[in-house]
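Student: The structure follows.
Protein chains in written order, with the numbering used here: chain Y, 1 to 272; chain A, 1001 to 1460.
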């Protein structure tokens, strides 16, 4: 039965909401502290070089093909395919939206889209929910890459093949000197990251990494998701690169850094 | 002329009950709602590592307002789900005011959300604020579930417009009510875009689970308490109009018969929402208080003919089927904390007071009723009140205008003079808003603490 003051209430509610929202927005840093290491530059390094040891042996119609740059609402998307024997063995986004929430969406969506592209061998892949624009751009770029791949399939090894096998050989042979003929498993040191411990186990055969695994990785909260996204990628990269010189997974840079450190220590043990 | 409903056995038994005050759960509920809002904001905070530029700030403001709107929208619906804890413990009137307030706030958030998000998208696409309409159309075409969301948002705006006081006053109640029912459709339509395009739900599967749970629970409560409970109640009690009695010029009582009516759990001071299945009346229900303690075979409401609906009550024929929902209302004996009670009624506000006067526990001299009306002719139910006062040794006073039309003096001094220990009383009050305000101030002036003044008001 207290007197009500509708105008005062409206003014108060508006002021409280606006100042609350502005406060929360202004408390957020301008760049993601977690993503600094990755900085979105990761995909720009050519994936082809690292990938070729696998594809190199196969020969024909192999290499990398870049799709068109597609402009989306959130930024550019460009897909690079690694092709072996006319099949997509790897799909990567050389460019993807960055900044603000886009970092996160990219981190979530791109690995999924990459996987799908390899699995489907076509641009008929599902849109990732919550990252519709990126997905659409990705599919367009993917389609153009596939078109190029088909066009060049018969005649030439494609523009990508020139990048193909060169550099990768180097990193592979550096391990080769170890000379042990049978496979062995080496576990790297435990690296403590901000989100939890990371520990890598590799299987080395003939001086080459045949398998990489994370025995430990951050768990709980968003870490589960990040781990699920990043670790398989890192494992793949480790095998492909044959070294700890691998790309950080954007959006999971702490885990990536920890992974690389542990991987390096494992390689040191295997080599020495 | 008058049919006296006083002196029922059930009523007499109630007068012997012990006084057991129950606290309203309002504070606890408001704290829970606040905690939920903090949780929603935390979700945003947790999922947003950084904001790069002004464009990001606009988009994130859109996200925050969207998340809050999505959360509050569920609660706004929940407030009207007729959950007994809200209707009977917090009080239907208070919950209705909460509903109106939070509804307005949520609508503002929705509008802000749409504007900010579309503005942010336009900037992101390299366009300017001027292209916001085109951006909205593009987003509707390209993003999943955005078409539905746009229709839903349009409905919300329509519902909001019909609820602005001047518009609502001009609209027939039924029109306003049926437009308001579209809220359910609007909530349904806007729900899906939250899940499919909402960043926080894509990143955080737990958030998605919580959101489904929140909306699922609210839906279940609405279905249970707004649909199934009334169906069960009416199938069990099968109410019909038994008689319509003119109490005073313009005030009619409707007697409603049915089976085992005492099993409905209604208490004195409560009301039902009544729907009379007669031509022109079946499409809307109206809240009327019980004007006598419920009896196994009959309930009574007493209504002043002010609106279309209440005027038509006079023409009800015996045997007309009645659909009731309730009981609702928290102004019952549970509110009381003291031995002594003052009941204050203004005009037709006598109805719940009349029921309480009969049933409130208390010894002789504990209960006082002050009845305000324009003239002695307007003192509806007076004979009954006098009989009850006699029967249980309660005091009955009335205040009417003097023959020259002057209003009676209801002031702190006058109240104290009539009731020297007024500050030791619990006060129950029912009447028009202006009257209630005057009495409230007089009571406070006479030393009655605010927490012991119990009042129900449906003025928004």
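Every residue gets a Cβ at the ideal spot worked out from N, C-alpha and C, and that includes glycine.
Quick check on the burial criterion: 16 or more other C-beta atoms within 10 angstroms. Buried or exposed for residue 1343 of chain A?
Tutor: So residue 1343 of chain A ends up on the buried side.
Student: Please report the distance separating the alpha-carbon of residue 168 of chain Y from that of residue 241 of chain Y.
Tutor: Because residue 168 of chain Y sits at a pLDDT of 34, beneath the cut-off of 50, its placement in the model cannot be relied upon, and the following sentence gives the value as read from the coordinates. Those two C-alpha atoms are separated by around 7 angstroms.
Student: Using the three-state DSSP reduction, which class does residue 1428 of chain A fall into: helix, strand or coil?
Tutor: The answer is strand: DSSP assigns residue 1428 of chain A an E or B state.
Student: Quick check: the stretch 188-204 of chain Y against the stretch 253-271 of chain Y, are at least 3 beta-carbon pairs closer than 8 angstroms?
Tutor: Short answer: they touch.
Student: With C-beta atoms as the reference, is residue 1135 of chain A less than 7 angstroms away from residue 1118 of chain A?
Tutor: Their beta carbons are under 7 angstroms apart, which means residue 1135 of chain A touches residue 1118 of chain A by this criterion.
Student: Under a CB-based cut-off of 7 angstroms, is residue 248 of chain Y close to chain A?
Tutor: For residue 248 of chain Y, the answer is no, since every Cβ of chain A falls outside 7 angstroms of its Cβ.
Student: Taking the C-alpha atoms as reference points, what is the distance between residue 119 of chain Y and residue 137 of chain Y?
Tutor: Roughly 19 angstroms between the two C-alpha positions.
Student: Mind pulling the chain A residues with CB within less than 7 angstroms of residue 29 of chain Y?
Tutor: Within 7 angstroms Cβ-Cβ: 1050.
Student: Using the three-state DSSP reduction, which class does residue 1157 of chain A fall into: helix, strand or coil?
Tutor: Three-state result, residue 1157 of chain A: helix.
Student: In its own chain, which residues sit with a C-beta less than 8 angstroms from the C-beta of residue 219 of chain Y, not counting the 5 before and 5 after it?
Tutor: 196 and 227, listed in sequence order.
Student: Whose Cβ in chain A lies nearer than 8 angstroms to the Cβ of residue 113 of chain Y?
Tutor: Within 8 angstroms Cβ-Cβ: nothing; residue 113 of chain Y doesn't reach chain A, min ~14 angstroms.
Student: To the nearest angstrom, how far is the alpha carbon of residue 292 of chain Y from that of residue 117 of chain Y?
Tutor: With chain Y covering 1 to 272 only, the question about residue 292 of chain Y has no answer from this structure.
Student: Could you name the residues of the same chain whose beta carbon sits closer than 7 angstroms to that of residue 121 of chain Y, not counting the 5 residues immediately before and after it, in chain order?
Tutor: 87 and 88, listed in sequence order.
Student: Residues of chain A with CB under 8 angstroms from residue 131 of chain Y, in chain order?
Tutor: Correct list: 1202.
Student: Is it true that the stretch 1317-1329 of chain A meets the stretch 1256-1274 of chain A, where meeting means three or more beta-carbon pairs spaced less than 8 angstroms apart?
Tutor: Short answer: they touch.
Student: For residue 1144 of chain A, return the contacting residues in chain Y, with the cut-off set at a CB-CB distance below 7 angstroms.
Tutor: Those within 7 angstroms of residue 1144 of chain A in chain Y are 132.
Student: Any idea which residues DSSP pairs residue 145 of chain Y with across the strands?
Tutor: DSSP, once it has assigned bridges, lists no residue as partnering residue 145 of chain Y.
Student: Taking Cβ positions only, does residue 1060 of chain A come closer than 7 angstroms to chain Y?
Tutor: For residue 1060 of chain A, the answer is yes, since a Cβ of chain Y falls inside 7 angstroms of its Cβ.
Student: Would you list the residues sitting across from residue 93 of chain Y in a DSSP beta bridge?
Tutor: Beta-bridge pairing links residue 93 of chain Y to Y:79.
Student: By the criterion of Cβ-Cβ separation under 8 angstroms, what are the contact partners of residue 1199 of chain A in chain Y?
Tutor: Simply 101, 104, 105 and 130.
Student: Per DSSP, which one or two residues make a beta bridge with residue 1255 of chain A?
Tutor: Paired residues: A:1243 and A:1300.
Student: Which residues does DSSP pair with residue 192 of chain Y in a beta bridge?
Tutor: DSSP output for residue 192 of chain Y lists Y:197 as bridge partner(s).
Student: Just the C-alpha distance for residue 257 of chain Y and residue 135 of chain Y, rounded to the nearest angstrom, thanks.
Tutor: One C-alpha to the other measures close to 27 angstroms.
Student: Terminal residues of the continuous beta strand (DSSP E) containing residue 65 of chain Y?
Tutor: Counting along the chain, the beta strand (DSSP E) containing residue 65 of chain Y begins and ends at 63-66.
Student: Would residue 1110 of chain A and residue 1069 of chain A be called neighbours here (beta carbons separated by less than 7 angstroms)?
Tutor: Yes, the Cβ-Cβ distance between residue 1110 of chain A and residue 1069 of chain A is below 7 angstroms.
Student: In its own chain, which residues sit with a C-beta less than 7 angstroms from the C-beta of residue 1366 of chain A, not counting the 5 before and 5 after it?
Tutor: 1339, 1340 and 1341, listed in sequence order.
Student: Which value, in whole angstroms, describes the spacing of the CA atoms of residue 1261 of chain A and residue 1231 of chain A?
Tutor: Approximately 15 angstroms, taken between the alpha carbons.
Student: Since residue 1026 of chain A and residue 1090 of chain A should fall inside the 8 angstroms C-beta cutoff, what is the C-beta to C-beta distance between them, to a whole number of angstroms?
Tutor: About 5 angstroms; that satisfies the 8 angstroms criterion.
Student: Tell me, to the nearest whole angstrom, how far the beta carbon of residue 1293 of chain A is from that of residue 1359 of chain A; I am working on the premise that it is less than 8 angstroms.
Tutor: Rounded, the Cβ-Cβ distance is 5 angstroms, consistent with contact.
Student: Does residue 23 of chain Y come within less than 7 angstroms of chain A when only Cβ atoms are used?
Tutor: Chain A, which has no Cβ nearer than 7 angstroms to the Cβ of residue 23 of chain Y, makes this no.
Student: State buried or exposed for residue 191 of chain Y, treating a residue as buried only when at least 16 other CB atoms are found within 10 Å of its CB.
Tutor: That one is buried.
Student: Quick check on the DSSP output: the beta strand (DSSP E) that includes residue 1210 of chain A runs from which residue to which?
Tutor: Element bounds for residue 1210 of chain A: not the beta strand (DSSP E) but the alpha helix (DSSP H), 1205-1222.
Student: Does chain Y have any CB closer than 7 angstroms to the CB of residue 1057 of chain A?
Tutor: Chain Y, which has a Cβ nearer than 7 angstroms to the Cβ of residue 1057 of chain A, makes this yes.
Student: Using a Cβ-Cβ cut-off of 8 angstroms (strictly less than) and excluding sequence neighbours within five positions of residue 1197 of chain A, which residues of its own chain qualify?
Tutor: Correct list, in chain order: 1143, 1144, 1145 and 1146.
Student: Going along chain A, which residues have a C-beta under 7 angstroms from residue 13 of chain Y?
Tutor: 1105, listed in chain order.
Student: Select from A:1407, A:1439, A:1443 and A:1400 the residue whose C-alpha is nearest the C-alpha of residue 1420 of chain A.
Tutor: Comparing Cα positions, the closest option is A:1443.
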